[in-house]
Amino acid sequence: MEETAEEVEEAVEEAGAGLGMDAAVVAEQFFSQEDLEDSIRWMGTTPEGPEGQPWLQYLEPNFIDTSEFAKEGPYTFCFSNAGVNNPWRVVGYTNMEVEVEQHPEIEEFIHVDAEGSDEKQISDIQDLVAGGNCDLLIVSPNTTAALTPAVEEACEVLPVITFDRGVLTDCTVSHITPIGGYAFGILGAQFLADNLEEGAKVVAIRILPGVDVLETRWAGAKAIFEEANLDVVSVEFGDGNNDKVKTIITDAIQKHGQVDGVWMDAGATAVAALEAFEDAGQPYPVINGEDQQDFLVKWQEEGITGIAPTFPTFQWRTPILAGLMIMNGEEIPDPWILPQPDVNQGNLDQYVGANVNMPPLHYAMCGCEEMPGYPERWGGSPE
């Protein structure tokens, strides 16, 4: 039964005024109740595939025949990348580069950086397809809806894989992703709900609108917040900018006297959020960050009540391996749902210790520890 407008308003009032802000709106075109339910189920599912290689594992696979794309090598793989414009993407792209280097049958790897621009990425894809040199096209879309037509046009010419972020079409050979945004959002929000008293004040910080995996992170979290007895006082876009995030937190503390919890749809600015509490002379909040090394170290050193949902950077290896399977005409899953582990109090020391020689902006779930050139290629120092 659908809720009435009055019931929705009452739920928002009970859950906090922040859920009525513009930034709290869930973009309907990205929300699917079925996908939400799938994600919840996958969070409790044991992955199949080779042990110790999560980038080759999968959940509830639907294998498809790719024999129509089989061809002899050597190959040219083309990659249209939304950008290498944040630490997560830098770690991921390093994974991909090193993975390519392990496969001599990939004679050429053409990488085009869209620099965070939909318009440039649309043009990039059109140029790659028109050039006629690509045996396979891999796309990490900048935003979801805007890139859909360009991906659909490419699908008419050659096999296409999307990963990381998706598009609104099923024309690709496979879409590769960890469980996804719902799981990330739910895990962080439920952790806050479980570790805060009723009525505790929460700030939710998002990066930007219009990206499917970010929209679904918020959708999953919002569903938890609407049911929890927490006071969500503010929902804001931080643009992934440390200074802006600190300002959001500082303003919330000044306005409400205290902030007890911080939910984030990505953890790159989690340390900046914590520094805002230090600057205000306030105790640390219950917080979710991500598997970025600086947050994990801060969490460990300060004894913070935290959790790190992840969107593992090991996924950047999978499109290359899937592409080779397609060139060989092997069956692959579509969608290819990868596992999505988290960092919690029980395994925090393990991940901090394993990455002690890595830079602050490294992501622990890289799946790169056994790759050639580790740790130096990822900015780390040898032991």
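If you're matching positions, the sequence shown starts at 3 in this note's numbering and goes up one per residue. Glycine included, every Cβ here is placed at the ideal spot set by N, Cα and C. Note that the structure is a prediction, hence the values are computed from the model and not measured.
From what residue to what residue does the alpha helix (DSSP H) around residue i run?
i	result
THR96	89 to 103
THR150	146 to 157
VAL131	120 to 133
SER41	35 to 44
PHE186	183 to 197
Tell me the residue span of the beta strand (DSSP E) that contains residue i.
i	result
GLU110	108 to 115
PHE81	77 to 83
THR48	It is not in any beta strand (DSSP E) - THR48 carries neither H nor E in the DSSP assignment.
ARG208	203 to 208
THR171	Segment: none, THR171 is in no beta strand (DSSP E) and carries neither H nor E.
PHE165	162 to 165
ASN64	Where ASN64 is concerned, there is no enclosing beta strand (DSSP E), given that its DSSP letter is neither H nor E.
VAL141	138 to 142
VAL288	288 to 290
Closer than 7 Å by C-beta to residue i: which residues in its own chain qualify, once you throw out the five before and the five after it? Chain order, please.
i	result
PRO63	GLU50, PRO335
ALA254	VAL205, VAL235, SER236, VAL261
GLY118	ALA84, GLY85, ASN87, ASN144
GLN284	ILE255, GLN260
ASP115	ASN83, GLY85, VAL86
ASN346	ILE309
ASN357	GLN295, HIS364, ALA366
ALA324	ILE163, SER176, ILE178, ILE334, TRP338
ALA202	LEU232, ASP233, ASP262, GLY263
LYS257	none
GLU9	The pLDDT assigned to GLU9 is 41, lower than 50, so where the model puts this residue is not dependable; a value taken from the coordinates is nonetheless given after this. Nothing meets the Cβ criterion.
MET3	A caution first: MET3 carries a pLDDT of 35, below 50, which makes its placement in the model unreliable, though a value can still be read off. Around MET3: no qualifying Cβ.
GLU16	Model confidence at GLU16 stands at a pLDDT of 48, short of 50, so the residue's coordinates are unreliable; what they give is reported in the following sentence. There are no such residues.
ALA225	none
GLU332	THR68
ALA25	ARG208, VAL237, GLU238, PHE239
Got a sec? Which residues, its chain only, sit under 6 Å from residue i by beta carbon, not counting five neighbours each side?
i	result
PHE71	PRO161, ILE328
CYS173	GLU154, CYS157
VAL273	ASP296, PHE297, LYS300
ILE127	SER82, ALA152, ALA156
ASN197	VAL288, THR307
MET373	VAL100
ALA275	VAL247, ILE251, VAL264
GLY212	THR145
PRO219	Rather than Pro, the amino acid found at residue 219 in this sequence is Arg. Cβ within range, chain order: GLY183, PHE186, GLY187, ASP267.
GLU5	At GLU5 the pLDDT is 41, less than 50, meaning the model places this residue with poor confidence; the figure from the coordinates comes in the next sentence. No residues qualify anywhere along the chain.
Thinking residue i and residue j are a contact (beta carbons under 8 Å), I'd like their distance in whole angstroms, please.
i	j	result
THR2	PRO343	Outside the modelled stretch of the chain, which goes from 3 to 385, sits residue 2, for which no answer is possible.
PRO287	PHE279	6 Å
VAL159	VAL141	13 Å between Cβ atoms; not a contact.
THR320	PHE193	So it is not a contact: roughly 27 Å between Cβ atoms.
VAL93	HIS364	6 Å
GLY242	ALA270	6 Å
PHE316	GLY240	26 Å between Cβ atoms; not a contact.
ASN290	GLY168	Not confirmed; about 23 Å, so no contact.
PHE227	LEU21	7 Å
PRO56	LEU340	6 Å
TRP318	TYR95	7 Å
Which same chain residues, not among the five before or five after residue i, have their C-beta less than 8 Å away from its C-beta?
i	result
GLY375	VAL100
CYS136	THR78, PHE79, CYS80, ILE112, LEU130, LEU160
GLN302	LEU350, ASP351, VAL354
ALA221	VAL28, PHE32, PHE33, LEU38, GLY183, TYR184, GLY187
ASP281	LYS248, THR252
LEU170	GLN31, THR146, ALA147, THR150
LYS73	ASP137, MET329
ILE181	SER41, TRP44, MET45, LEU61, ILE339, LEU340, PRO341, GLN342
Taking all protein chains shown into account, decide if residue i is buried (16 or more other Cβ within 10 angstroms of its Cβ) or exposed.
i	result
GLU69	Looking at the sequence itself, residue 69 is Ser, so the reference to Glu does not match. Exposed, by the Cβ-count rule.
ALA47	The identity of residue 47 in the sequence shown is Thr, whereas the question assumes Ala. Burial call: exposed.
GLN2	Since the first and last residues shown for the chain are 3 and 385, residue 2 lies out of range.
PHE65	exposed
ASN231	exposed
ALA366	buried
SER383	exposed
GLU11	At GLU11 the pLDDT is 41, less than 50, meaning the model places this residue with poor confidence; the figure from the coordinates comes in the next sentence. So GLU11 counts as exposed.
GLU217	buried
PRO76	exposed
PRO106	exposed
ALA67	The amino acid occupying residue 67 in the given sequence is Asp; Ala does not appear at that position. So ASP67 ends up on the exposed side.
ASP214	buried
GLN123	buried
GLU292	buried
Would you say residue i faces chain B, with C-beta separation under 8 Å as the test?
i	result
VAL261	Looking at the structure shown, chain B is missing, and only one protein chain is on hand.
In chain order, each alpha helix (DSSP H) run of at least 4 residues that lies wholly inside the region 299 to 376: For the region 299 to 376, whole alpha helix (DSSP H) runs of length 4 or above, ordered along the chain, are 320 to 329, 350 to 356.
Continuous beta strand (DSSP E) assignments of at least 3 residues falling wholly in the region 220 to 271: 233 to 239, 263 to 266
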